[in-house]
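One line per chain: the protein sequences are A and B, in this order.
The numbering of the first sequence is my numbering, which starts it at 1 and goes up by one.
The numbering of the second sequence is my numbering, which starts it at 1001 and goes up by one.
Just so it is clear, CB atoms sit at the ideal spot from N, CA and C, and this is done for glycine as well.
Shown next, in structure tokens, is the structure this report addresses.
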Amino acid sequence: MLKRLLAEVKEFKWVSILTPVCMIGEVIAEMVIPRLMARIVDDGINAHNMQVIISTGAVMIVVALIALLFGVLGGFFGAKASAGFARNLRKAMFDNIQTFSFANIDKFSTSGLVTRLTTDVTNIQNAYQMILRMAMRAPSSMIIAMVLSFTISARLSTIYLVAVIFLIFVAVFLMRRVTKYFRQVFEKYDALNESVQENVRAIRVVKAFVREDYEVSKFQKAAENIYQMFVKAEKNMTVVMPVMMGTVYTCILLISYFGARMIVSNALSTGDLMSLLTYCMNILMSLMMVSMVIVMITMSQASAKRIVEVMEEKSAITNPADPVYEVKDGSISFQKVSFSYHEGSEEHVLKEIDLEIASGQAIGIIGATGSAKTSLVNMISRLYDVSEGAVYVGGRDVRAYDLTTLRDAVSVGLQKNVLFSGTIYENLRWGDKNATEEACREAARLACADEFITQFPKGYETKIEQGGTNVSGGQKQRLCIARALLKKPKILILDDSTSAVDTATDARIRQAFKEKIPDTTKLIIAQRIASVMDLDKIIVMDDGRVNGFGTHAELMENNEIYRELYESQTSGARDFDEAS
Amino acid sequence: MAQENVKEVKMGRRGPMGPRPKVENPKLLLKRVMGYVFKYYGIHMVLVLCCIVISVFANLQGTLFMRTLIDSYITPMMGEANPDFAPLFGAIRRVAVVYAIGVAVSFLQQRLMIYVNQGTLKRMRNELFSKMEYLPVKYFDTHAHGDIMSVYTNDIDTLRQMVSQSVPQFFNSAITIVSILVSMLALNVPMTFLTLAMVAVMVFSASQATRVSGRNFVEQQRNLGSLNGFIEETMTGQKVVKVFNHEDESIETFDELNEALYQSAYKANAYANLMGPISMQLGNTSYVVCAMVGGLFALNGYLGFTVGALASFLTLNRNFNMPINQVTAQFNSIIMALAGAERIFRLMDEEPETDEGYVTLVNAREENGVLTETEERTGKWAWKHYHKATDTTDYVPLQGDVTFHGVDFGYTDDKMVLHDIVLHALPGQKIALVGSTGAGKTTITNLINRFYTIQDGKIRYDNINVNKIKTQDLRRSLGMVLQDTHLFTGTVKENIRYGNPDATDEEVIAAAKLANADKFIKRLPEGYDTMLTGDGANLSQGQRQLLAIARAAIADPPVLILDEATSSIDTRTERLVQEGMDHLMKGRTTFVIAHRLSTVKNADQILVMENGRIIEQGTHDELIALGKKYYQLYTGKTA
């Protein structure tokens, strides 16, 4: 996992290496400083030698400048490396997401992908900078301080060694205990926030049923629970600081006492004692830094895992080795096609489908929700791959085509369709980048969209808001159809794409298809029987199987499901609103 | 999935390293936050402050001990042939006691802070939530849900940091600074001023770096925002991107935004990283300068400055820099947390739903044609109406008679969406509202249950102005089934019982049967005890709607408001839903937002709406005969 992550450092490898190098430089310079301070005290102040004070002071300032230089460079390199690493991670994920097939997209939720691309990357960026700047710095600072202490007085320095080992043990012990508690707490905490979100979303229901008091008492119970757990977890944490302080103080006292004895017996100088005490602080601060880095790493582990998951996700659908770049015509053939969304699952969504559709035909598809209408058409443009059997378009297996070629030839209006922020022209040109304004308008006219677009003050230059919130449902659907038409596809699939369009307009769109694009094979999924009854042929889907395939008259004659649907919808259960 | 949702909201407004936001009135806010803390944890806080003072002094005592150690023990003993270490040991023991007190006190402080901190947060959460539940629906219309959520997550989190860490550390550092300053002054006045001068340089250069980095942080947040927006939009439409082979274009745009974010993130962090080394090395420089000047003093015996004093002074000088840096850092994070506190208080300060109603709904019993109030559930309800002028109380039977008199309404005062609405629904009648999206159908129903308050006109319920009825009692007498159903985390049974908390299991099942939901519930893995999570994500839309109908059925209200299903559920389930609704409507006054001809046809009154007005009103036959909009809608032909 780490290897995959670090592969994205790429051009920031050198700054990534230079950062810890600079940090070590800074540490060395900083470690020299206490020695110089000691010399100022011993050889200068205590020896009453002003010359030494000035010369050593000058050296110390130079060393401080060197430390400053390294520190500043390290800061810059670290920032560059981590920001760059974050950029590369985002790019790697995004690029890979663009290769995802529908099956891959289904696996990750939208909000999940957004979190991975933003929050998770930011976590890694912070952790990476921390590691570059601290992971080397803190241990090396500790080691150098330790070594220098030993050169001053090996006997006194053993005190540090014992203290450090003691603290490491305490830290490891506590960390184990506390992480367990905190994991539990955060799970509960997430659940609490989830319930807040639920209330915000469903506030009308709460109010309509006058359940405010109930919700409040439910919430307070949960909040009390969390309070208790937090208190318990944090109580464990409160031991850390006092133990730390106690250790530092003990060290200081021991060093002071034994140091004083050594000074008296001339085995140590006053300056030495002061440097030793400075190193004491250094060692313990570094220890704290190390534990912080460890916490940081554990915290970012989850993020790292989530990022790598996206980067390593292999697209379920890839281009064939020797792809075909031309789709001959719009004929479609299903041969013994079975399909399931989960690999190896026995439960098939599509079951042994056999269908023959000639190029240029207009086909309706009807059936209850869950009868696999959408799954059926998804096979045609290879949004999913069949589990068994094969789908042929233009006489060839869809798996033989270049994906772009296939999808340019098969235009799909998805059930959950979206528009993007930008002008209407920009949205339409998703279908064809180089479409002229006239071509765009022509497509819009076909989809009966021109009539309302021209009503907008800015016409085709009208800005569509994110998610298409500033157009009505029916308008949105018509824009999506126009966009799909601009591809000039050999096969046009509309998956419930006119559900919000009123009946009359719906009929006009179908009429336009018949007149203007007679050579295009049209597949229209609909809930309303009126939307399909005058098409060339109609497929009746039921529970993953083709229950009937024929003209309206034929189906009325011999298909029970179809007849039932027809009767229920014409005897006054028709759609009513949205006629505008 | 559930966790991802929460996360998504968390990052809603700003990343973890947000810029320093502007806060309107930091002093007032700080006072309010601290006032909040002190109100409930005053004694705790006083104790904490005492602890801080004691531990600072303990620490300082140790630092000053250096001087005593060198001047009073080491130096005199150096000349002796047979030094006696007993006094030194005694001194060390005394300091050890001081240190021990320091440690104990800091432990106590941390323990106390847990209660202060977590307790305050619990109170704030509870207060926020109970406040939120009683806010008018309008509040939720006008505030992004992500923003409301972020108050509970981001803002509470930063506040937790502030209360538990920043504030105590700020005090700690401030007291340390003052005590060190006093000690330094006691040792040598001119040297102290020298140190202060160096500190001034340090603070100045650090603030310069903060300024540049802060500017870039703002830029980074903006870039992060636009990248976020782009990702969100692209991910939502990822399937469309695939279908249109639009991958390359998406990557291109992404690269641009990504690069901009990188540039600003790099600069912001680089400048932020400057601060540490700068203050550290300026601190060292300050040390050297003090050593030189102090050496000059000590060696020449100016002002009685001893070598031991100089050593102590230099230690103080070193210890002085750290709290100064901390104060600046804490100051920043406190300001940051105050921005969060501002949002928390803003939510707490929102005006709750107004309810000046005094007419209440009570159980009633009818004896000899006279209604009397009773405690027990009789199944019969009455409005208890107290008349102030005459000091009498009326009991009006609950029937479900609803009238609108010249009602005007707008979500904001300057833009009316309903104009001069007049209608009269008799008890038990079915009123169908038809018209295109945005015509104002839903708005009318939202006025009956007082989700919104009208600007002009009157709405009467059983001939009582709804403004006079206690909002909660009014809503209790109304049942609602909304088109987009929301369910709650809990079992199926609990969800149905949402409509009537006192309902028995039998009543729950009866309601489910009435709503045609019983069949599918029985097929669920655990039947009525199946857990629903994530807004009933494990159910189909039709099933969720059936549950919503059952939920309304169990409340057994005299007036119903139904928003019919649209085309997105399949015909079979829809028929089930339709039947469920039909069962429910029997004997109740029903307002139905109709999408199906079958519903409309047998309605007692049909209201055709357009642009916030009722343009046609009557029965099916009357409106067909009229041959206008309704005829057009019904036949799909232009008249």
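Next item on the list: Give the residues from the region 92–120 of chain A that approach chain B closer than 8 Å (Cβ to any Cβ), ordered along the chain.
Entry: Residues passing the 8 Å Cβ filter: PHE94, ASP95, ILE97, GLN98, THR99, PHE100, SER101, PHE102, ILE105, SER109, THR110, SER111, GLY112, LEU113, VAL114, THR115, LEU117, THR118 and THR119.
Checklist line | Per-residue contacts from VAL1103/B into chain A (C-beta, under 8 Å) | finding: Counting from one through the second sequence, the residue named residue 1103/B turns up at place 103. Residues of chain A passing the Cβ test: PRO242, MET245, GLY246 and TYR249.
Check: Is any beta-carbon of chain B found at less than 8 Å from that of ASP577/A?
Finding: Residue 577/A sits at position 577 when you count from the first residue of the first sequence. Confidence at ASP577/A is low in this model, with a pLDDT of 47, below 50, so the placement of that residue is unreliable and no value is reported for it.
Item checked: Contact set between MET60/A and chain B, taken where Cβ atoms lie within less than 9 Å -> Translated into the one-based positions of the first sequence, residue 60/A becomes position 60. The answer, in chain order, is ASN1284, THR1285, TYR1287, VAL1288 and ALA1291.
Next item on the list: Return no unless some Cβ of chain B is closer than 8 Å to the Cβ of TRP14/A.
Entry: Counting from 1 along the first sequence, the entry for residue 14/A is found at position 14. Closer than 8 Å: no.
Margin query: Quick check: what's the CA-CA separation for PHE513/A versus ALA1550/B?
Written below: Taking the first residue of the first sequence as position 1, residue 513/A is located at position 513. Taking the first residue of the second sequence as position 1, residue 1550/B is located at position 550. Distance between the alpha carbons of PHE513/A and ALA1550/B: 44 Å.
Next item on the list: Would you verify that the beta carbon of LEU555/A is, or is not, closer than 8 Å to some beta carbon of chain B?
Entry: Translated into positions along the first sequence, residue 555/A becomes position 555. No, LEU555/A does not count as interfacial toward chain B.
Checklist line | Contacts around ILE97/A, its chain only, beta-carbon distance under 7 Å, and the 5 residues preceding and following it disregarded | finding: Translated into the one-based positions of the first sequence, residue 97/A becomes position 97. Excluding residues within five positions, the ones whose Cβ falls inside 7 Å are LEU113 and VAL310.
Notebook entry, point to check: At least one CB of chain B closer than 8 Å to the CB of PHE258/A: is that the case?
Noted result: Within the first sequence, the letter at position 258 stands for residue 258/A. Closer than 8 Å: no.
Next item on the list: Give a yes or no on whether 8 Å exceeds the smallest Cβ distance from LYS1138/B to chain A.
Entry: Here the question's residue 1138/B lines up with position 138 in the second sequence. Answer no: the Cβ-Cβ gap between LYS1138/B and chain A never drops below 8 Å.
Note to self: Within 8 Å of any Cβ in chain A, is that where the Cβ of ALA1081/B sits?
What the structure shows: As a working mapping, residue 1081/B is identified with position 81 in the second sequence. It does not: the Cβ of ALA1081/B has no partner Cβ on chain A nearer than 8 Å.
Margin query: Give me the residue from ALA504/A, LYS314/A, LEU485/A and PHE169/A with the minimum Cα distance to ILE105/A.
Written below: Translated into the one-based positions of the first sequence, residue 105/A becomes position 105. Closest option to ILE105/A, Cα to Cα, is LYS314/A.
Note to self: Between VAL1212/B and chain C, is the shortest Cβ-Cβ distance under 8 Å, so that the two count as touching?
What the structure shows: The structure shown contains no chain C; its protein chains are A and B.
Next item on the list: Verify the CB distance criterion: does LYS1628/B have a CB-CB separation below 8 Å to chain A?
Entry: As a first step, residue 1628/B is located in the second sequence; it is residue number 628 there, counting from the start. Not an interface residue.
Next item on the list: Output the distance between the C-alpha atoms of GLN1221/B and GLY271/A, rounded to the nearest integer angstrom.
Entry: For the purposes of this step, residue 1221/B is taken as residue 221 along the second sequence, with counting starting at 1. For the purposes of this step, residue 271/A is taken as residue 271 along the first sequence, with counting starting at 1. Each residue's alpha carbon lies about 49 Å from the other.
Notebook entry, point to check: So with Cβ pairs under 8 Å, would you call GLN197/A a contact of chain B?
Noted result: Within the first sequence, the letter at position 197 stands for residue 197/A. Taking Cβ atoms only, chain B reaches closer than 8 Å to GLN197/A, which makes this a yes.
Check: Which chain B residues are close to ARG183/A, counting only those with a beta carbon under 9 Å from its beta carbon?
Finding: One-based indexing of the first sequence puts residue 183/A at position 183. Per Cβ cutoff of 9 Å: no residues; ARG183/A is ~12 Å from chain B at best.
Notebook entry, point to check: Which one of VAL377/A, ALA81/A and GLU437/A has the shortest CA to CA distance from VAL412/A?
Noted result: In the first sequence, counting from the first residue as 1, residue 412/A sits at position 412. Nearest C-alpha to VAL412/A: VAL377/A.
Next item on the list: Let me know the secondary structure DSSP gives HIS1387/B once reduced to three states.
Entry: Working through the second sequence from its first residue, we reach residue 1387/B at position 387. HIS1387/B: strand per DSSP, three-state reduction.
Note to self: List, in chain order, every chain A residue whose beta-carbon is nearer than 7 Å to that of ILE1496/B.
What the structure shows: Taking the second sequence and counting its residues from 1, one reaches residue 1496/B at position 496. Under the 7 Å cutoff, chain A gives no residues; its nearest Cβ is about 11 Å from ILE1496/B.
Notebook entry, point to check: Under a three-way DSSP split, which group does ALA358/A fall into?
Noted result: Taking the first sequence and counting its residues from 1, the one referred to as residue 358/A is at position 358. Looking at ALA358/A - three-state DSSP - the assignment turns out to be coil, as it is neither helix nor strand.
Check: For ALA1364/B, which residues does DSSP report across the bridge?
Finding: Numbered from its first residue, the second sequence carries residue 1364/B at position 364. Note: ALA1364/B sits in a beta bridge opposite GLU1373/B.
Item checked: Rounded C-alpha distance that separates GLY1400/B from TRP1383/B -> The count along the second sequence starts at 1 and reaches residue 1400/B at position 400. The count along the second sequence starts at 1 and reaches residue 1383/B at position 383. Distance from the CA atom of GLY1400/B to the CA atom of TRP1383/B, rounded to whole angstroms, is 11 Å.
Check: Taking the alpha-carbon positions, what's the VAL1370/B to THR1393/B distance?
Finding: If you number the second sequence from 1, residue 1370/B lands on position 370. If you number the second sequence from 1, residue 1393/B lands on position 393. Whole-angstrom Cα-Cα distance: 13 Å.
Next item on the list: Taking CYS1290/B and ASN1317/B to be in contact with their CB atoms under 8 Å, please state how far apart those CB atoms are, rounded to whole angstroms.
Entry: For the purposes of this step, residue 1290/B is taken as residue 290 along the second sequence, with counting starting at 1. For the purposes of this step, residue 1317/B is taken as residue 317 along the second sequence, with counting starting at 1. CYS1290/B to ASN1317/B, Cβ: 5 Å. Contact.
Check: Which residue from GLU1133/B, PHE1170/B, LEU1128/B and THR1285/B puts its Cα closest to that of ASP1155/B?
Finding: As a first step, residue 1155/B is located in the second sequence; it is residue number 155 there, counting from the start. When only C-alpha atoms are compared, the closest one is LEU1128/B.
Margin query: Short of 8 Å in beta carbon distance, which residues of its chain neighbour ASN1446/B, apart from the five on each side in sequence? Order them along the chain.
Written below: In the second sequence, residue 1446/B corresponds to position 446, counting from 1. Excluding its 5 nearest sequence neighbours in each direction, ASN1446/B has C-beta neighbours in its own chain below 8 Å: VAL1137 and TYR1452, listed in chain order.
Next item on the list: Taking 8 Å as the threshold, find out whether the region 300–308 of chain A comes into contact with the region 1091–1105 of chain B through three or more Cβ pairs.
Entry: no
Margin query: Using a Cβ-based criterion (distance less than 7 Å to any ligand heavy atom), does SER291/A qualify as near the ligand FMN?
Written below: The model depicted lacks the ligand FMN and carries no ligand whatsoever.
Next item on the list: Could you check what DSSP says for HIS1583/B in three-state terms: helix, strand or coil?
Entry: The count along the second sequence starts at 1 and reaches residue 1583/B at position 583. The answer is helix: DSSP assigns HIS1583/B an H, G or I state.
Margin query: Any beta carbon of chain A sitting closer than 8 Å to that of GLY1295/B?
Written below: Residue 1295/B sits at position 295 when you count from the first residue of the second sequence. Chain A, which has a Cβ nearer than 8 Å to the Cβ of GLY1295/B, makes this yes.
Notebook entry, point to check: Which partner residues does PRO1397/B have in the DSSP bridge list?
Noted result: Within the second sequence, residue 1397/B is the residue found at index 397, counting from 1. For PRO1397/B, which the question treats as bridged, DSSP gives the partners ALA1382/B.
Margin query: Rounding to the nearest angstrom, what Cα-Cα distance links LEU1112/B and GLN184/A in this structure?
Written below: Counted from its first residue, the second sequence places residue 1112/B at position 112. Counted from its first residue, the first sequence places residue 184/A at position 184. Near 23 Å, if we compare the C-alpha coordinates of GLN184/A and LEU1112/B.
Check: Is it the case that the Cβ atoms of ASN199/A and GLU1133/B are separated by a distance below 8 Å?
Finding: Here the question's residue 199/A lines up with position 199 in the first sequence. Here the question's residue 1133/B lines up with position 133 in the second sequence. Taking a C-beta distance under 8 Å as the contact criterion, ASN199/A and GLU1133/B qualify as a contact pair.
Check: On the three-state DSSP scale, how would you describe TYR1631/B?
Finding: Here residue 1631/B refers to the residue found at position 631 of the second sequence. DSSP places TYR1631/B in helix when its eight states are reduced to three.
Notebook entry, point to check: Which residues in the same chain as PHE1520/B place their Cβ atom closer than 8 Å to its Cβ, once the five residues preceding and following it in sequence are excluded?
Noted result: By 1-based counting over the second sequence, the position of residue 1520/B is 520. Same-chain partners within the cutoff: GLN1543 and LEU1546.
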